[in-house]
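Going by my numbering, the first residue of the sequence shown is number 91, and it counts up by one from there.
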Amino acid sequence: MRLDIAVARPIIVAMATPYQEISGTAVKRAASGDTLLPWRGLLLSGSLGLTIWAGLHFAFFDTIARSYWLVGLGLCIAALSLLARQLPVHYPHAVLGACNAVTLLRGALMLALVTPLIAGTERGWPEFAVAAVAAGLDGVDGWLARRSGLISDFGARFDMETDSCLALVLALHALADGLAWPFAVILGASRFLFLAAMVVAPWLRGPLPERFSRKAVCALQIAALVALQAPSLAGAAGLGLLAATGAALAVLASFARDIHWLWGQRA
Numbered sequence: 091m092r093l094d095i096a097v098a099r100p101i102i103v104a105m106a107t108p109y110q111e112i113s114g115t116a117v118k119r120a121a122s123g124d125t126l127l128p129w130r131g132l133l134l135s136g137s138l139g140l141t142i143w144a145g146l147h148f149a150f151f152d153t154i155a156r157s158y159w160l161v162g163l164g165l166c167i168a169a170l171s172l173l174a175r176q177l178p179v180h181y182p183h184a185v186l187g188a189c190n191a192v193t194l195l196r197g198a199l200m201l202a203l204v205t206p207l208i209a210g211t212e213r214g215w216p217e218f219a220v221a222a223v224a225a226g227l228d229g230v231d232g233w234l235a236r237r238s239g240l241i242s243d244f245g246a247r248f249d250m251e252t253d254s255c256l257a258l259v260l261a262l263h264a265l266a267d268g269l270a271w272p273f274a275v276i277l278g279a280s281r282f283l284f285l286a287a288m289v290v291a292p293w294l295r296g297p298l299p300e301r302f303s304r305k306a307v308c309a310l311q312i313a314a315l316v317a318l319q320a321p322s323l324a325g326a327a328g329l330g331l332l333a334a335t336g337a338a339l340a341v342l343a344s345f346a347r348d349i350h351w352l353w354g355q356r357a
């Protein structure tokens with residue numbers, strides 16, 4: 091079973107979804123031509139991300155046919171192209187910062203996991219380790235943004251879509267290892283289904299209040315998916331099934347709460 095399109099399309103769509111608002115500061119900076127420093131940061135971070143992506147392949151996935159590498163490489167290039175297009179318009183700061191560089195690194199780690207996924211190779215500890223590092227760095231980018239004064243809607247959106255794509259890739263890995271498809275859909279595709287629902291229910295586009303519980307559920311969701319990458323939990327038996335069930339229920343409850351709130355706020 092080939093998963094090339096199933097993996098690639100949601101990742102590209104998520105990162106290409108337009109922002110609801112355009113930063114006036116970014117527009118002014120773009121008009122004045124002061125975009126050199128963020129571009130330098132993107133170039134350096136992108137080069138580092140591609141280097142790490144390639145290094146992981148040569149270290150852990152060298153036995154996989156090179157043709158499978160091309161899908162992940164294509165996604166890397168597509169993601170960098172989308173970032174380059176969004177950066178001058180939506181990013182309000184003069185430097186990219188370590189915060190966004192860390193998010194980009196997380197994206198590179200996530201895309202490294204695409205190759206063994208579409209190749210259908212047996213999961214092992216290297217995949218678990220890559221997933222754990224990608225998940226463990228979540229929160230570091232936000233902390234760096236606050237510490238350096240580089241908080242932005244661009245960075246928040248970049249982080250959120252990276253989380254969503256990581257969840258999708260990990261859920262597909264777990265599905266290939268025997269996780270029941272309802273769990274895979276809830277844990278990996280819930281946000282993409284929510285975005286798709288906006289087409290037929292525009293009131294879902296409304297702004298949501300900040301909630302710590304939403305972030306906590308996201309962390310639980312990713313943690314459960316990372317745990318399912320461990321070879322000892324393949325097939326989601328025992329503790330794996332318990333983790334998947336608990337995380338899926340939390341995700342459903344979180345989305346239900348948000349949808350209920352948006353329904354009450356509709357015009």
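Don't be surprised by glycine CBs; every beta carbon is placed ideally from N, CA and C.
Beta-carbon contacts of Trp351 that lie in its chain and below 8 Å, excluding the five residues immediately before and after: In the sequence shown, counting from the first residue as 1, residue 351 sits at position 261. So the qualifying residues of the chain are Leu298 and Pro299.
Beta-carbon proximity check, Cys170 vs Val192, cutoff 8 Å: Here residue 170 refers to the residue found at position 80 of the sequence shown. Here residue 192 refers to the residue found at position 102 of the sequence shown. Checking the sequence shown, residue 170 turns out to be Leu, not Cys. In this structure, Val192 does not lie closer than 8 Å to Leu170 by Cβ.
Beta carbon of Leu260 nearer than 8 Å to that of Ala221: Walking along the sequence shown from the start, residue 260 turns up at place 170. Walking along the sequence shown from the start, residue 221 turns up at place 131. Closer than 8 Å, so yes.
Proximal residues to Arg92 (C-beta, below 6 Å), its chain only, five neighbours per side dropped: If you number the sequence shown from 1, residue 92 lands on position 2. Per-residue confidence for Arg92 stands at a pLDDT of 48, beneath the threshold of 50, marking its modelled position as unreliable; the derived number appears in the next sentence. Around Arg92: no qualifying Cβ.
For Pro299, the three-state DSSP class (helix, strand or coil): One-based indexing of the sequence shown puts residue 299 at position 209. Note: Pro299 maps to coil in three-state DSSP.
Terminal residues of the alpha helix (DSSP H) in which Asp249 lies: Taking the sequence shown and counting its residues from 1, the one referred to as residue 249 is at position 159. Note, Asp249: alpha helix (DSSP H), Asp243 to Ala266.
Nonlocal neighbours in the same chain, by C-beta distance under 7 Å from Ile154, ignoring five residues either side: As a working mapping, residue 154 is identified with position 64 in the sequence shown. Here Ile154 has Thr205, Pro206, Ala209 and Thr211 as same chain residues with Cβ atoms under 7 Å from its own Cβ, once five neighbours each way along the sequence are excluded.
Assigned exposure category for Leu329 - 16 Cβ within 10 Å defines buried: Against the sequence shown, residue 329 aligns to sequence position 239. When all chains shown are included, Leu329 counts as exposed.
The region 229 to 248 in contact with the region 333 to 341 per 3-pair CB rule at 8 Å: no
Start-to-end residues for the alpha helix (DSSP H) that takes in Ile276: Residue numbering aside, residue 276 sits at position 186 when the sequence shown is read from its first letter. From DSSP, the alpha helix (DSSP H) with Ile276 extends over Trp271 to Val290.
Leu258 and Gly278 closer than 8 Å at C-beta: To locate residue 258, count along the sequence shown from 1; it is residue 168. To locate residue 278, count along the sequence shown from 1; it is residue 188. Inclusion of Leu258 and Gly278 in the CB contact set at 8 Å is warranted, their separation being smaller than that value.
Close Cβ partners of Tyr158 (< 6 Å) along its chain, the five nearest in sequence each way excluded: Looking up residue 158 in the sequence shown gives position 68. Hits under 6 Å: Thr205, Ile208 and Ala209.
CB contact flag (Ala74, Ala346, <8 Å): This structure leaves residue 74 out entirely; the chain is present only between 91 and 357.
Under 8 Å between C-beta atoms of Ala219 and Trp143: Position 129 of the sequence shown holds residue 219. Position 53 of the sequence shown holds residue 143. No; because the gap between Cβ atoms is not below 8 Å, this pair is not in contact.
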